[in-house]
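**Q** Going line by line, the protein sequences match chains A and B.
Under the numbering used here, think of the first position of the first sequence as 1, with each following residue one higher.
Under the numbering used here, think of the first position of the second sequence as 1, with each following residue one higher.
There are 2 protein chains.
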Amino acid sequence: MQLTQAHRDALNDVLQWRRDVRHFSTDPIPEDVLTRLRATMDLAPSVGNARPWRVLHVTTPALREKIISNFEKSNAEAAEIYDDDTRASYAGLKLAGLRDAPVHLAVFTENQPAEGRGLGRQTMPEMLCYSSVTAIYTLWLAARAENLGLGWVSILDPVAVAQTLSVPDHWQLTGYLCLGKAAFDTDTPLLHDKKWQENTPTQWQEV
Amino acid sequence: MQLTQAHRDALNDVLQWRRDVRHFSTDPIPEDVLTRLRATMDLAPSVGNARPWRVLHVTTPALREKIISNFEKSNAEAAEIYDDDTRASYAGLKLAGLRDAPVHLAVFTENQPAEGRGLGRQTMPEMLCYSSVTAIYTLWLAARAENLGLGWVSILDPVAVAQTLSVPDHWQLTGYLCLGKAAFDTDTPLLHDKKWQENTPTQWQEV
Numbered sequence: 001m002q003l004t005q006a007h008r009d010a011l012n013d014v015l016q017w018r019r020d021v022r023h024f025s026t027d028p029i030p031e032d033v034l035t036r037l038r039a040t041m042d043l044a045p046s047v048g049n050a051r052p053w054r055v056l057h058v059t060t061p062a063l064r065e066k067i068i069s070n071f072e073k074s075n076a077e078a079a080e081i082y083d084d085d086t087r088a089s090y091a092g093l094k095l096a097g098l099r100d101a102p103v104h105l106a107v108f109t110e111n112q113p114a115e116g117r118g119l120g121r122q123t124m125p126e127m128l129c130y131s132s133v134t135a136i137y138t139l140w141l142a143a144r145a146e147n148l149g150l151g152w153v154s155i156l157d158p159v160a161v162a163q164t165l166s167v168p169d170h171w172q173l174t175g176y177l178c179l180g181k182a183a184f185d186t187d188t189p190l191l192h193d194k195k196w197q198e199n200t201p202t203q204w205q206e207v
Numbered sequence: 001m002q003l004t005q006a007h008r009d010a011l012n013d014v015l016q017w018r019r020d021v022r023h024f025s026t027d028p029i030p031e032d033v034l035t036r037l038r039a040t041m042d043l044a045p046s047v048g049n050a051r052p053w054r055v056l057h058v059t060t061p062a063l064r065e066k067i068i069s070n071f072e073k074s075n076a077e078a079a080e081i082y083d084d085d086t087r088a089s090y091a092g093l094k095l096a097g098l099r100d101a102p103v104h105l106a107v108f109t110e111n112q113p114a115e116g117r118g119l120g121r122q123t124m125p126e127m128l129c130y131s132s133v134t135a136i137y138t139l140w141l142a143a144r145a146e147n148l149g150l151g152w153v154s155i156l157d158p159v160a161v162a163q164t165l166s167v168p169d170h171w172q173l174t175g176y177l178c179l180g181k182a183a184f185d186t187d188t189p190l191l192h193d194k195k196w197q198e199n200t201p202t203q204w205q206e207v
């Protein structure tokens, strides 16, 4: 299929206006939208065509609360590495929208899948997790195209998340995601806006 | 910015017709296209806004040859885990297009970046590599929208690739990529077509 300038412009809009969202409205997400997003994940690349991502939609209030506690503890510990001034800046950042986001998705990687028959991952076993990352990013872009925001929460003890959600031993947490309507739209990363880390260009050289 | 059905349809076309390409024409890629693709990588998400991906465009023939040897050795070793029948199937698969692809890109992750000041990666340090994966996938989708194909070669000894390309100690190979015009278009993964691993739907459940 020959893609056109219209495709390139549309893709650029999606990429440009995608953010790591931490400010959500509590509006629920219609079930048919979630179903479409789930189907879009099938289009992600995966090593050996193994599709090792396993998605848990966390709806039980007690489980959501345990994840929020996990984040709060991990975030308090993370702040301790900074000097006083930096710690004050860090404390001023909103780094997750776990309370407001209507949907929590925990994405795990099955690290011993039969699917794919081991192809493509003998020298780089991390390719399984990388496949889940592309599935998450596929979901992220599709959600943005549906005018929904996604926030990837990495300030969590991943082993504790796996225990909280009682997953099999060979499932590894790859990403814990908040999904919902973003409270506002912007084409600039929050950490750039808040002067925590300005945007830098991709480093690329010839050898 | 409010995205529209036209955006969703265009994104779906890009996702649906993206493949992990192993069959390339040798036609060169114009420099302005590479420049646009590089700029698009700046739109990828990254932990702490650290943008830890480092791209080497490998043009030196002797270096390309060393990578091809690395692949051939790794691929021969990978074949050894299979029984005779499966090994014959494996040998029938084309798993890289390193000779024909006009562009080789080695994407490394800087594992000790100053950028981002450690935010978001204390409990999940793998977030740096995951950021590079989203940058690779951004490049992949943008390339497809430019009617170019990308192939991710993971059947490589990553430490040997780093040595071949003389990168700093704290750079980790995340993906070695072939880029060029695909010899043919399809919306079906090659491994499904060749009956190595059929497509399976995303596993998703509520808890």
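Backbone N, C-alpha and C fix where the C-beta goes; we use that ideal spot for every residue, glycine too.
Counting only beta-carbon atoms, is B:H192 nearer than 8 angstroms to chain A?
**A** Interface residue, yes.
**Q** Can a CB atom of chain B be found closer than 8 angstroms to the CB of A:G151?
**A** So no, A:G151 is outside the interface.
**Q** Between A:A106 and A:L56, which are expected to be in contact by the criterion C-beta below 8 angstroms, what is the C-beta distance as a whole number of angstroms?
**A** That belief holds up - the Cβ atoms of A:A106 and A:L56 are roughly 4 angstroms apart, short of 8 angstroms.
**Q** Look up B:Q203 in the DSSP assignment and say whether it is helix, strand or coil.
**A** Reduced to three states, the DSSP call for B:Q203 is strand.
**Q** If contact is defined by three or more beta carbon pairs under 8 angstroms, each pair taking one atom from either stretch, is the segment 115 to 131 of chain A in contact with the segment 31 to 51 of chain A?
**A** Result yes; three or more Cβ-Cβ pairs closer than 8 angstroms.
**Q** Label B:E115 either buried or exposed according to how many other C-beta atoms from any shown protein chain fall within 10 Å of its C-beta, with 16 as the threshold for buried.
**A** By the 10 Å Cβ count, B:E115 comes out buried.
**Q** I want to see whether chain A comes within less than 8 angstroms of B:L3, judged by CB atoms only; does it?
**A** For B:L3, the answer is yes, since a Cβ of chain A falls inside 8 angstroms of its Cβ.
**Q** Would you call the segment 146 to 153 of chain A and the segment 174 to 186 of chain A touching, i.e. three or more CB-CB distances under 8 angstroms?
**A** Result yes; three or more Cβ-Cβ pairs closer than 8 angstroms.
**Q** Using the DSSP secondary-structure output, state which residues sit across from A:W171 in a beta bridge.
**A** Paired residue(s): A:E110.
**Q** Which residues in chain B sit within 8 angstroms of A:N111, going by Cβ to Cβ distance?
**A** Chain B residues near A:N111: none, gap ~13 angstroms exceeds 8 angstroms.
**Q** According to a CB-to-CB cut-off of less than 8 angstroms, which residues of the segment 128 to 155 of chain B neighbour chain A?
**A** Answer set for the segment 128 to 155 of chain B: C129, Y130, V133, T134, A135, Y137, T138, W140, L141, A142, R144, A145, E146, N147, W152, S154, I155.
**Q** Cα separation between A:T186 and A:L15?
**A** Between A:T186 and A:L15, the C-alpha separation is close to 12 angstroms.
**Q** Quick check: B:A62 and A:H7, are their CB atoms within less than 8 angstroms of each other?
**A** Contact: no.
**Q** Note down, in chain order, every chain B residue with its Cβ under 7 angstroms from the Cβ of A:A78.
**A** The contacting residues are Q122.
**Q** Would you list, in sequence order, the uninterrupted beta strand (DSSP E) runs of no fewer than 3 residues that lie entirely inside the segment 114 to 173 of chain A?
**A** 149 to 153, all fully within the segment 114 to 173 of chain A.
**Q** Using beta-carbon positions only, say whether B:K94 and B:H23 come within less than 8 angstroms of one another.
**A** Result yes, Cβ atoms of B:K94 and B:H23 sit closer than 8 angstroms.
**Q** Can you have a look at B:S166 and say buried or exposed, based on whether 16 or more other CB atoms are within 10 angstroms of its CB?
**A** Answer is exposed; the Cβ neighbour count stays below 16.
**Q** Where does B:F24 sit, in a helix, a strand or coil, going by DSSP?
**A** Note: B:F24 maps to strand in three-state DSSP.
**Q** B:A88: which of B:P201, B:K194, B:T202, B:N199 sits nearest, CA to CA?
**A** Comparing Cα positions, the closest option is B:K194.
**Q** Do the CB positions of B:Q197 and A:R121 come within less than 8 angstroms of each other?
**A** Result no, Cβ atoms of B:Q197 and A:R121 do not sit closer than 8 angstroms.
**Q** Nearest CA to the CA of A:L190: which residue from B:A50, B:T60, B:L34?
**A** Cα-wise, what sits closest to A:L190 is B:A50.
**Q** Kindly indicate which three-state DSSP category A:A183 falls into: helix, strand or coil?
**A** A:A183 falls in the coil class under three-state DSSP.
**Q** Strictly below 9 angstroms CB to CB, what residues from chain A border B:D210?
**A** Not covered by the structure: residue 210 of chain B. The range shown for chain B is 1 to 207.
**Q** Can you tell me whether B:W53 sits near the ligand ZN, meaning its C-beta is under 7 angstroms from at least one heavy atom of the ligand?
**A** The ligand content of the structure shown is nil, which means the ligand ZN is not present either.
**Q** Does any CB atom of chain A fall closer than 8 angstroms to the CB of B:I68?
**A** No, because no Cβ of chain A sits closer than 8 angstroms to the Cβ of B:I68.
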